[in-house]
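K.L.:
Here it is, the structure, as structure tokens.
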Amino acid sequence: RLPCRSRWRRVPATRVSLLRPNGLHLLARATLAQLAEEITLSDFADGLVRQALGICHARKARLLLNAEPSLALELGADGVHLTSARLLALRERPLNSNHLVGASCHNWHELKHACTMNLDFAVVSPVRETASHPGAKALGFTGLRELTERADLPVYALGGMAETDLYSVFEHGAQGIAAIRGLWFSS
Numbered sequence: 028r029l030p031c032r033s034r035w036r037r038v039p040a041t042r043v044s045l046l047r048p049n050g051l052h053l054l055a056r057a058t059l060a061q062l063a064e065e066i067t068l069s070d071f072a073d074g075l076v077r078q079a080l081g082i083c084h085a086r087k088a089r090l091l092l093n094a095e096p097s098l099a100l101e102l103g104a105d106g107v108h109l110t111s112a113r114l115l116a117l118r119e120r121p122l123n124s125n126h127l128v129g130a131s132c133h134n135w136h137e138l139k140h141a142c143t144m145n146l147d148f149a150v151v152s153p154v155r156e157t158a159s160h161p162g163a164k165a166l167g168f169t170g171l172r173e174l175t176e177r178a179d180l181p182v183y184a185l186g187g188m189a190e191t192d193l194y195s196v197f198e199h200g201a202q203g204i205a206a207i208r209g210l211w212f213s214s
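Start counting at 1 in the sequence shown, then tack on 27, and there's your number in the numbering used here.
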């Protein structure tokens with residue numbers, strides 16, 4: 028079962044102490060979390076992922092990685108979140124149904140591909156303008172509804188979302204919200 032809130036932890040690749048006690052506490056409160064920065068094989072990434080997995084699993088939460096699916100498996104993650112480019116490069120679901128597979132989608136072409144591959148969920152963005160993607164055309168709630176009505180998988184809304192947007196995204200057909208800032212710091 029998927030939650031209505033998904034917290035994404037954006038991890039700067041150059042920081043050595045990435046998950047400080049406060050960050051660990053917030054990560055531990057999530058039921059579905061993603062290390063949103065691209066994870067590549069390194070001792071650094073291995074330690075970070077193992078630390079995050081330990082916290083998530085102790086709280087019965089699942090952790091997804093933005094990584095090559097084979098690397099996510101190797102590191103012991105609960106699944107993978109595909110960028111739209113990685114999604115479109117695939118012709119079939121990259122992991123079996125024991126692992127969650129989600130994808131970032133920005134239009135119907137990408138979302139349709141995610142549906143065709145029988146992914147577990149999609150994250151549609153940006154619903155609103157965001158600081159992390161300046162200049163990107165926001166879908167708005169009308170655009171969100173147009174996509175959720177056509178999709179046959181759960182869709183999360185991302186981009187300027189906060190806890191107060193839950194009712195609106197439910198009304199527009201979404202499973203819930205995903206956020207980098209809006210949920211992470213509101214706890």
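The beta carbon of each residue, even a glycine, is placed where N, CA and C say it ideally should be.
When you compare only the Cα positions, how much space is there between Lys164 and Glu156?
P.N.:
Straight-line Cα distance between these residues: approximately 7 Å.
K.L.:
Could you please give the first and the last residue of the uninterrupted alpha helix (DSSP H) stretch that includes Leu100?
P.N.:
That run of the alpha helix (DSSP H) goes 96–101.
K.L.:
Would you kindly work out how many angstroms separate the C-alpha atoms of Asn125 and Ala201, rounded to a whole number?
P.N.:
Approximately 23 Å between the Cα atoms of the pair.
K.L.:
Taking the straight line between their C-alpha atoms, what separation do you get for Ser152 and Tyr183?
P.N.:
Their Cα atoms are separated by approximately 9 Å.
K.L.:
Assuming Leu91 contacts His108 (C-beta within less than 8 Å), just tell me the rounded distance between them.
P.N.:
Contact holds; Cβ gap of about 5 Å.
K.L.:
Could you say which of Ala94, His160, Ala88, Leu75 lies nearest to His133 if we only look at CA atoms?
P.N.:
For the residues Ala94, His160, Ala88, Leu75, the minimum Cα distance to His133 belongs to His160.
K.L.:
By the three-class DSSP mapping on this structure, what secondary structure does Ile82 have?
P.N.:
Of the three classes helix, strand and coil, the one that applies to Ile82 here is helix, per DSSP.
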